[in-house]
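Okay, so here's the structure we're looking at.
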Amino acid sequence: MLTTDQCYQAVTSRDRRFDGMFFTAVHTTGIFCRPSCPARTPRRENVDFFISAAAAAEAGFRACKRCRPDASPNSPEWDTRGDVVARAVRLIREGIIDCGGVEALAAELGYSSRQLSRLMHEELGAGPLALARTERVRTARTLIEATALPMSEIAFAAGFASIRQFNDTFRDMYSISPRELRTTGSDRAVADQLVLRLAYRPPFDFEYLLAYHSVRAVPGIETVADGAYSRSMRLAHGPAVITLRQAAGDFVECRLRLADTRDLGSAVARARRILDLDADPVAVAQTLRAAGLGTLIDRHPGMRSPGHCDSVELAVRTVLGQQISLAAARTHLQRLVAGAGEPLPEELRTDCVDRLFPTAEAIAAVPADDWALPASRIRTIHALATALAEGRLDLGAGSDREAASRDLLALPGIGPWSNGYIRMRALGDPDVFLGSDLGVKKSVAELTESAPAGDWADVVAACSPWRSYLTHLLWAGHAQAQH
Numbered sequence: 000m001l002t003t004d005q006c007y008q009a010v011t012s013r014d015r016r017f018d019g020m021f022f023t024a025v026h027t028t029g030i031f032c033r034p035s036c037p038a039r040t041p042r043r044e045n046v047d048f049f050i051s052a053a054a055a056a057e058a059g060f061r062a063c064k065r066c067r068p069d070a071s072p073n074s075p076e077w078d079t080r081g082d083v084v085a086r087a088v089r090l091i092r093e094g095i096i097d098c099g100g101v102e103a104l105a106a107e108l109g110y111s112s113r114q115l116s117r118l119m120h121e122e123l124g125a126g127p128l129a130l131a132r133t134e135r136v137r138t139a140r141t142l143i144e145a146t147a148l149p150m151s152e153i154a155f156a157a158g159f160a161s162i163r164q165f166n167d168t169f170r171d172m173y174s175i176s177p178r179e180l181r182t183t184g185s186d187r188a189v190a191d192q193l194v195l196r197l198a199y200r201p202p203f204d205f206e207y208l209l210a211y212h213s214v215r216a217v218p219g220i221e222t223v224a225d226g227a228y229s230r231s232m233r234l235a236h237g238p239a240v241i242t243l244r245q246a247a248g249d250f251v252e253c254r255l256r257l258a259d260t261r262d263l264g265s266a267v268a269r270a271r272r273i274l275d276l277d278a279d280p281v282a283v284a285q286t287l288r289a290a291g292l293g294t295l296i297d298r299h300p301g302m303r304s305p306g307h308c309d310s311v312e313l314a315v316r317t318v319l320g321q322q323i324s325l326a327a328a329r330t331h332l333q334r335l336v337a338g339a340g341e342p343l344p345e346e347l348r349t350d351c352v353d354r355l356f357p358t359a360e361a362i363a364a365v366p367a368d369d370w371a372l373p374a375s376r377i378r379t380i381h382a383l384a385t386a387l388a389e390g391r392l393d394l395g396a397g398s399d400r401e402a403a404s405r406d407l408l409a410l411p412g413i414g415p416w417s418n419g420y421i422r423m424r425a426l427g428d429p430d431v432f433l434g435s436d437l438g439v440k441k442s443v444a445e446l447t448e449s450a451p452a453g454d455w456a457d458v459v460a461a462c463s464p465w466r467s468y469l470t471h472l473l474w475a476g477h478a479q480a481q482h
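Position 338 of the sequence shown, counting from 1, maps to 337 under numbering that gives the first Met the number 0, and the rest follow consecutively.
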């Protein structure tokens with residue numbers, strides 16, 4: 000946690016790296032800002048610092064219209080941590096409160112509503128309802144600015160219970176009505192496709208992410224073409240297709256086609272997870288440089304550890320791809336998608352993306368003769384899909400990483416590598432080193448030709464808590480060596 004002196008230093012230097020990590024509330028103006036706000040720096044005695052926008056809003060401050068603190072990248076802390084508060088934040092971003100209320104959130108985490116609210120107030124300065132309210136406002140503002148949808152439709156799509164609640168919340172947050180946010184004369188499409196800008200903390204190695212997804216892309220559900228990554232997603236109220244590409248400035252362009260606009264918040268959360276947009280690359284680089292890996296960092300500044308939008312898909316892909324080439328795994332996955340995946344609605348399809356990855360239930364029902372895989376691999380896939388379908392294995396946004404690992408390793412045919420890869424990509428664990436991976440081993444051998452193994456073990460230990468990024472840096476080095 001940052002001290003108040005460190006926070007104020009970030010404000011005086013307008014350091015963009017800290018945007019989203021804390022918020023500056025100015026008593027003389029009644030507004031709260033991101034640290035990089037271009038307005039004149041307030042006097043130290045006139046400011047307070049909040050760890051969340053929800054806490055600043057709860058304290059009666061309004062969002063700055065100039066720096067748009069609500070559009071900051073999210074704090075990486077809530078993606079990297081595995082405790083109950085971080086898990087709750089991830090679930091709130093996925094929209095669990097809009098679907099089932101605080102009770103559903105608490106039940107998912109194994110706490111009472113009162114216990115959970117107390118923990119979140121202690122950590123964040125705001126409870127689950129306040130955080131959900133902030134997410135609703137963010138979603139609604141996106142729809143107001145990017146679409147021509149009626150305000151009533153936007154209100155309910157964003158999760159507000161009534162038009163009055165919608166209007167009151169906007170006045171509390173911005174001191175203007177929702178209608179005043181919508182400028183006249185702008186060219187907006189109806190919400191069959193939304194075009195958004197997703198902020199990140201520079202630097203950002205988008206080329207690596209494109210290359211990483213390109214060699215793994217499964218025809219029918221995803222593609223890399225023309226400098227963009229596109230894929231289908233299964234969301235709470237229907238399917239979606241997303242396209243992500245680098246944009247000008249520190250942004251990624253996100254094009255979304257949604258079957259139901261109520262899924263916008265969840266879709267954006269998953270897009271950010273796919274590209275690891277909430278990461279703090281400076282913190283990662285500092286740790287790895289201190290471990291003696293500056294050369295590795297310099298080759299790929301802004302390395303990300305890409306997540307995934309569908310934990311079921313990622314887990315099945317991991318197991319199916321054991322001990323075979325990426326090309327062979329893609330062939331088997333394409334066959335699975337064609338046979339058990341669902342076709343997208345006509346209005347969502349593109350030339351290369353026309354299906355959804357099958358559900359765990361559908362995968363568990365695939366006959367053994369359809370797999371063309373070793374019998375042991377088929378048993379593992381069936382056991383994994385059945386455990387996911389029956390709810391005995393939880394790999395969702397709010398899952399307990401340690402419990403998930405225990406449950407994964409208890410399944411036949413899942414070992415440390417598969418468990419680690421699933422933790423890294425499905426569960427967002429930033430500290431997974433896949434030392435047994437062949438590509439990692441080859442890359443390490445090139446780095447440590449004259450160094451004993453013990454020295455390398457010390458280097459790996461010194462890279463904690465960012466060893467997932469080390470794994471990706473080594474994969475990138477191996478890929479470069481091959482070419």
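All C-beta atoms, glycine included, are put in the ideal place defined by N, C-alpha and C.
Going by the beta-carbon positions, is the gap between valine 458 and alanine 290 smaller than 8 Å? yes
Compare the C-alpha of isoleucine 50 against each of Thr28, Pro75 and Arg42 and name the closest. Pro75
CB-CB length for proline 357 against alanine 339, believed under 8 Å: 4 Å
Please list the terminal residues of the continuous beta strand (DSSP E) segment that includes phenylalanine 250. 250-257
For glutamate 341, which of helix, strand or coil comes out of DSSP? strand
Inter-residue Cα distance where the pair is histidine 299 and serine 404: 30 Å
Suppose the cutoff is 6 Å on Cβ atoms and the five residues either side in sequence are ignored; what does the same chain contact list for arginine 13 look like? Ser35
Continuous alpha helix (DSSP H) assignments of at least 4 residues falling wholly in the stretch 73-150: 76-79, 83-92, 95-108, 112-123 and 127-145
Count the other C-beta atoms from every protein chain shown that fall within 10 angstroms of the C-beta of glutamine 479, then say buried if there are 16 or more, exposed otherwise. exposed
Report yes if the C-beta distance between threonine 138 and alanine 125 is below 8 Å; otherwise report no. no
Endpoints, the alpha helix (DSSP H) within which glutamine 192 is located: First-last for glutamine 192: undefined, no H or E at that position.
Using only the alpha-carbon positions, how far apart do glycine 412 and alanine 147 sit? 51 Å
Supposed contact pair serine 265 and leucine 394 - C-beta distance, whole angstroms, cut 8 Å: About 16 Å; that fails the 8 Å criterion.
Candidates His307, Pro280 and Pro127: which alpha carbon is nearest aspartate 249's? Pro280
Euclidean distance between Cα positions of threonine 79 and arginine 272: 11 Å
Excluding the 5 residues flanking leucine 180 on each side, which residues of the same chain have their C-beta closer than 8 Å to its C-beta? Arg140, Ile143, Glu144, Phe169 and Tyr173
Identify the residues that DSSP records as bridge partners of cysteine 32: which are they? Thr23
Using 10 angstroms around the beta-carbon of histidine 331, count the other beta-carbons present and answer buried if the total reaches 16, otherwise exposed. buried
Smallest Cα separation from leucine 408: which of Cys98, Ser229 and Arg422? Arg422
Residue of Arg348, Ala54 and Pro305 minimising C-alpha distance to glutamine 192: Arg348
Exposed or buried, which one is alanine 107 when buried takes at least 16 other CB atoms within 10 Å? Position check: residue 107 holds glutamate in this sequence, whereas alanine was assumed. With 16 or more Cβ atoms within 10 Å of its Cβ, glutamate 107 is classed as buried.
Between the CA atoms of cysteine 351 and phenylalanine 203 - distance to the nearest angstrom: 26 Å
Evaluate contact between the stretch 244-260 and the stretch 359-370, counting only Cβ atoms and requiring at least three cross-stretch pairs below 8 Å. no
In DSSP terms, what leucine 355 is bridged to: Glu341
Can you name, in chain order, every residue of its own chain whose Cβ lies under 7 Å from the Cβ of leucine 118, other than the five neighbours on each side? Val83 and Val84
If you reduce the DSSP assignment to three classes, tell me which class alanine 156 lands in. helix
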